[in-house]
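Using this note's numbering, read the sequence shown as starting at -9 and increasing by one per residue.
We put the CB at the ideal spot given by N, CA and C, even for glycine.
The block underneath contains the structure these notes are about, expressed in structure tokens.
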Amino acid sequence: GKFLQCALFTVLKVRGLYPEESFQRRQVFGHLCWWSICQQVEDYVSTLCESLRPAIFRNRLRRVLIPIVESGRLRERYVIEFLSDPQLLAGSSEAEIYHAFGLALTKLEMSPVALWPVCAGGMPVAMPA
């Protein structure tokens, strides 16, 4: 649950879908993660993650797609994939899991740099479709 929450909050924060002041860093699994301080957003994401928990534990959920739509058009999407064999995770040490968690969050935070090049004026420029 916590990993998915951190991932969702990170996408919401780094893509500017909520005001900057709606997020703060919180320590989760040994890493500083973005976390919403807006109670309604936190409740929504928490409820969503809890509703997905049984499917994740039964290995029935392979990925979560996060589409970002602007003016009725798909601007970009994020995909969070789960291991096809949960036993692979069970065989990992806590340090390995925390390290993988940190790498995943770093990828999410760095992805806007790859997705939206910055023009000379400092404003994001849409990449051609």
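| message | Measuring CB atoms only, is the region -6 to 3 touching the region 21 to 39, in the sense that at least three cross pairs come out at less than 8 angstroms? | response | yes
| request: Just the C-alpha distance for L(-6) and S12, rounded to the nearest angstrom, thanks. | output: As a first step, residue -6 must be located in the sequence shown, where it is residue number 4. As a first step, residue 12 must be located in the sequence shown, where it is residue number 22. L(-6) and S12: Cα-Cα distance of roughly 18 angstroms.
| Bounding residues of the alpha helix (DSSP H) (the contiguous stretch that carries S36) | Position 46 of the sequence shown, counted from the first residue, corresponds to residue 36. Note, S36: alpha helix (DSSP H), Q29 to F47.
| query | At what residues does the alpha helix (DSSP H) containing F(-1) begin and finish? | reply | Mapped onto the sequence shown, residue -1 falls at position 9. It spans K(-8) to V4 - the alpha helix (DSSP H) in which F(-1) sits, taken as one unbroken run.
| task | Would you decide whether A85 is buried or exposed? Buried here means 16 or more other CB atoms lie within 10 Å of its CB. | result | For this step, residue 85 is matched to residue 95 along the sequence shown. Answer is exposed; the Cβ neighbour count stays below 16.
| request: Let me know the secondary structure DSSP gives S12 once reduced to three states. | output: Locating residue 12 in the sequence shown gives position 22, where the first residue counts as 1. Helix.
| query | What residue range is occupied by the uninterrupted beta strand (DSSP E) comprising S26? | reply | Counting from one through the sequence shown, the residue named residue 26 turns up at place 36. Unbroken beta strand (DSSP E) run through S26: H21 to S26.
| said: What does the alpha-carbon distance come out to for the pair P57 and S83? | reply: Taking the sequence shown and counting its residues from 1, one reaches residue 57 at position 67. Taking the sequence shown and counting its residues from 1, one reaches residue 83 at position 93. Their backbone Cα atoms lie some 33 angstroms apart in a straight line.
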